[in-house]
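A.B. asks:
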Ligand code: FES
Ligand code: FES
């Protein structure tokens with residue numbers, strides 16, 4: 005029986021509406037059913053705030069209120085904010101300041117801000133932070149949102165404002181003469197947002213579109229809450245899929261009986277391991293061939309973590325689907341559980357993968373899925389000859405991505421009987437290739453469409469729902485939608501690998517002469533990204549200081565916890581935390597200045613990265629040397645902006661309960677995977693001289709569509725709004741490996757630049773024909789025109805019309821592919837200023853400043869957004885975020901009320917400064933920027949904690965309890 009519906013009468017965006025709603029239906033569901041798609045779903049417990057709408061003038065979480073209870077209410081959603089096609093000042097300000105990244109939280113943020121400004125036209129920064137505090141944003145660090153509300157409030161008060169942009173300064177040769185704008189010293193201790201500051205060497209070539217803070221190409225539609233995400237469609241006859249997950253961390257499924265579920269009216273399919281073929285795969289979305297082992301099947305007769313897949317159903321409504329799940333009878337044989345990776349390697353530990361058909365596990369008896377060893381030079385000899393040898397063991401937590409848009413997928417057959425997978429993924433092409441054998445369809449019968457993505461951070465570089473949803477469509481021949489609950493994001497998606505990191509470092513004089521790293525990577529129940537993440541961690545962790553003698557040993561271990569996967573930073577975050585803290589411990593013990601000590605040892609331009617050949621990503625790498633680095637300048641600028649040395653000295657002398665500390669860390673990352681990552685781009689000219697840019701690259705909210713358009717526009721001498729970007733769809737866009745490994749700017753950018761150069765040549769040839777000029781070498785392409793040396797010109801529109809309709813008729817278009825033999829590291833310096841309450845152990849971070857060399861900055865506002873967002877995630881990693889499990893593998897905090905990610909009210913000042921360098925291998929000199937910002941937060945906070953208290957803490961996160969107990973153990977507090 006379909007649930008009883010009743011009428012409600014409301015006014016939505018000033019339009020009277022009658023909605024038919026169920027008795028228990030939330031307003032969120034009712035509004036989405038009525039096509040107000042700007043209202044988003046983000047959690048199960050009313051904590052994320054992305055469902056916020058305005059009801060009778062108040063900001064209200066629509067998931068927390070029943071639709072039947074709003075009879076007669078005046079409701080406002082983002083769809084109603086623009087009037088007569090004109091944006092509200094808040095929408096404009098969010099667009100201008102770069103406050104919109106993925107845009108999933110944007111409707112709620114704008115509406116909350118509107119409620120504030122309606123009541124208080126001149127709010128303080130703290131009042132703005134408070135008004136946004138109820139709405140989680142995982143992309144931005146909230147800086148630009150606050151900026152946007154401040155700007156909008158000024159506009160609404162009638163002030164005239166200058167366009168929002170970054171600040172530019174010339175980078176002097178002599179770093180002692182650097183002068184920063186006064187605000188960047190933060191002497192007033194405010195948290196007011198500052199625009200990004202970009203230092204440029206005077207010799208760097210000037211550009212027109214590249215380097216400008218262009219508005220994001222998708223900002224308008226996101227600011228208006230248009231239906232752009234995977235779930236923002238209604239499909240005729242669509243069924244609702246749901247996943248039954250395991251309540252046990254380790255069990256065999258002895259029997260499963262789905263007959264009652266199948267008989268429930270409204271249920272169209274119930275599938276268990278008995279119903280679909282057993283095809284082995286690995287879920288990590290990586291290049292072909294994916295690293296072994298293939299240790300998963302779509303539905304198995306064994307479960308290996310709480311939240312593991314058991315059965316799937318498709319039904320007429322989510323409620324019926326849920327009832328059907330409850331009716332599936334599963335008989336489990338519960339097995340012993342191991343959640344600690346060190347215990348998992350011991351003799352007699354439960355064997356998690358005892359199935360005979362998983363090949364290529366390194367040592368299944370000891371749950372070791374991969375064992376990696378690599379060495380250069382002779383580490384033992386280096387230690388024997390060193391003046392000092394230091395050791396340290398560090399532990400990092402299992403962190404969840406918490407992208408606000410959950411995994412969501414819709415599958416259906418199109419009119420040609422091809423399976424369409426509309427999914428929120430970072431890797432559409434890998435998904436198509438990986439899903440094909442699981443559902444027994446040839447690749448040519450599958451089309452993957454990636455709409456806008458509401459954040460991913462690596463968690464959508466996995467096959468998570470696509471195979472299950474496709475199985476249900478195959479079983480029913482109907483469109484099926486599946487979406488994870490927030491709890492399932494914690495129990496059934498992926499996380500950062502928890503690591504145990506043991507470093508040993510030999511020092512001779514002040515030089516690091518040898519280093520070894522033994523790494524234990526907890527990959528959870530399945531291998532997924534276990535090999536590649538930990539290999540990258542080893543490479544970056546031993547290359548930042550690049551000793552000629554270096555050894556990496558790693559065990560990647562199965563445990564009965566949800567699988568780990570890719571997560572921004574990809575192993576480098578964990579290993580650089582360890583080495584940075586140990587380097588500072590060493591400097592302290594040797595009585596050396598920590599900055600000088602690091603500077604003597606960090607990787608320098610021209611140096612070969614010794615381990616680059618041995619440690620690639622899941623395979624051998626390629627020999628590489630560092631070709632560009634602004635690290636020294638980054639450090640110098642950061643030291644100055646924070647007045648580091650004076651504060652450091654002063655803070656060492658503190659007494660009392662609240663103690664200040666300042667810390668720093670240096671970091672490096674990579675730009676794509678050398679000799680493996682490939683991207684292609686197609687550029688096609690239209691009749692009016694505009695261009696379609698077709699790219700397989702996936703913009704997760706990072707702004708990659710925008711910066712790729714900027715690159716094409718730069719080559720073609722046109723404004724960015726002459727480029728129409730389409731990404732990505734496996735039928736219409738060329739291959740791209742997808743968004744991961746910090747590869748989009750660098751690798752996809754390389755492809756776009758090449759395609760644009762090819763198109764430019766065709767344009768010049770056509771113009772030469774039109775102007776009757778024999779040599780194209782002297783023709784210039786600028787301001788939408790081709791100009792000859794004698795002053796003749798033709799517009800691009802004329803060139804397009806000529807090529808399509810008149811002379812030498814052909815379509816001006818080109819496709820280019822790009823792969824790089826190197827992966828140039830961006831570098832950066834992270835600074836942290838904190839106050840520690842030594843009575844409670846609470847750390848309050850007051851400021852995070854990152855000074856970054858990411859080569860040429862293609863778009864300073866979007867790049868700064870990446871750095872701010874990364875610092876915010878690093879803050880959570882350092883202080884609060886840790887997925888916890890009891891000994892039986894039961895999750896203890898699988899929701900957003902128990903797992904805390906940073907909110908706007910407590911967010912420190914986040915400042916970003918760029919030092920531009922010119923990377924010879926990068927498009928326009930660019931390197932990557934999205935991941936490096938994740939790497940420095942934790943070690944910089946560790947450094948500040950030591951400065952404040954004298955305490956070295958080696959286990960993250962630094963929760964008040966952990967800090968307090970460490971202070972007590974070290975007798976650094978009386979409390
Ligand atoms: S969906 Fe309403 S608070 Fe999260
Ligand atoms: S922009 Fe806020 S969650 Fe992505």
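Residue numbers (our numbering): 5 to 979. Backbone N, C-alpha and C fix where the C-beta goes; we use that ideal spot for every residue, glycine too.
(1) Using only the alpha-carbon positions, how far apart do residue 462 and residue 683 sit?
(2) Does the segment 16 to 24 come close enough to the segment 69 to 81 that 3 or more CB-CB pairs lie under 8 Å?
(3) Once DSSP output is grouped into helix, strand and coil, what is the label at residue 199?
(4) In angstroms with no decimal places, state the Cα-to-Cα distance between residue 947 and residue 366.
(5) Excluding the 5 residues preceding and the 5 following residue 513 in the sequence, name in chain order all residues of the same chain whose CB lies nearer than 8 Å to its CB.
(6) Given a threshold of 16 other Cβ atoms within 10 Å of its Cβ, counted over all protein chains shown, does residue 814 qualify as buried or as exposed?
(7) So, under 8 Å CB-CB, residue 423 and residue 474 are touching, yes? Tell me the CB distance rounded to an integer number of Å.
(8) Would you say the segment 211 to 222 touches the segment 700 to 717, given that touching needs at least three Cβ pairs under 8 Å?
(9) Are residue 106 and residue 704 closer than 8 Å when you measure CB to CB?
(10) I'd like the span of the alpha helix (DSSP H) that includes residue 383, first residue to last.
(11) Within this structure, are the beta carbons of residue 418 and residue 443 separated by less than 8 Å?
(12) Answer yes or no: the CB of residue 65 versus the heavy atoms of ligand 1, is any distance below 7 Å?
(13) Exposed or buried, what is residue 189 when buried is set at 16 or more other beta-carbons lying within 10 Å of its beta-carbon?
(14) Assess contact between the segment 513 to 530 and the segment 369 to 384, defined as three or more Cβ pairs (one per stretch) separated by less than 8 Å. Is contact present?
(15) Quick one: give me the first and last residue of the beta strand (DSSP E) that residue 841 is part of.
(16) Can you tell me whether DSSP reads residue 469 as helix, strand or coil?
(17) Can you say whether residue 60 is buried or exposed, counting buried as having 16 or more other CB atoms within 10 angstroms of its CB?
(18) Only counting the same chain, and skipping five residues up and downstream in sequence, which positions put a Cβ closer than 7 Å to that of residue 436?
(19) Can you find the residues in the same chain that come closer than 6 Å, C-beta to C-beta, to residue 848, ignoring five residues on each side of it along the sequence?
(20) Run through DSSP, which three-state label would residue 569 get?
(21) Ordered along the chain, which non-local residues of its own chain (more than five positions away) have a Cβ less than 8 Å from that of residue 171?
(22) By Cβ distance, which residues of its chain are closer than 6 Å to residue 438, with the 5 residues on each side in sequence left out?
(23) Need the endpoints of the beta strand (DSSP E) that residue 398 sits in, please.
(24) Among 819, 333, 904, whose alpha-carbon lies nearest the alpha-carbon of residue 697?
(25) With respect to 7 Å, is the separation between the Cβ of residue 52 and the closest non-hydrogen atom of ligand 2 below this value?
(26) What do you reckon, is the C-beta of residue 84 under 7 Å from a heavy atom of ligand 2?
(27) Could you give the residue range of the alpha helix (DSSP H) that holds residue 418?
(28) When DSSP labels each residue in this structure, what does residue 861 get in the three-state scheme?
(29) Report yes if the C-beta of residue 141 is less than 7 Å from at least one heavy atom of ligand 1; otherwise report no.
(30) For residue 627 versus residue 612, is the C-beta spacing smaller than 8 Å?
(31) Hey, residue 894 and residue 310: beta-carbon distance below 8 Å or not?
(32) Is it the case that the CB of residue 45 approaches a heavy atom of ligand 1 more closely than 7 Å?
(33) Please confirm whether any heavy atom of ligand 1 lies closer than 7 Å to the CB of residue 68.
(34) On the DSSP letters alone, give me the boundaries of the alpha helix (DSSP H) that residue 151 sits inside.
(35) Any heavy atom of ligand 1 within a distance shorter than 7 Å of the CB on residue 32?
(36) Distance, Cα to Cα, residue 305 vs residue 316?
C.D. replies: Let me spell this out:
(1) 18 Å
(2) yes
(3) coil
(4) 37 Å
(5) 391
(6) exposed
(7) 6 Å
(8) yes
(9) yes
(10) 383 to 389
(11) no
(12) yes
(13) With fewer than 16 other Cβ atoms from the protein chains shown falling within 10 Å of its own Cβ, residue 189 counts as exposed.
(14) yes
(15) 831 to 841
(16) Reduced to three states, the DSSP call for residue 469 is coil.
(17) exposed
(18) Correct list, in chain order: 447, 450, 452, 734.
(19) 839
(20) coil
(21) 185, 199, 200, 201, 202
(22) Cβ neighbours of residue 438 beyond the five flanking positions: 467.
(23) It spans 392 to 400 - the beta strand (DSSP E) in which residue 398 sits, taken as one unbroken run.
(24) Ranking 819, 333, 904 by Cα distance to residue 697 puts 819 first.
(25) no
(26) no
(27) Element bounds for residue 418: n/a, residue is neither H nor E.
(28) coil
(29) no
(30) yes
(31) yes
(32) Under cutoff, so the answer is yes.
(33) yes
(34) 147 to 160
(35) The answer is yes for residue 32.
(36) 14 Å
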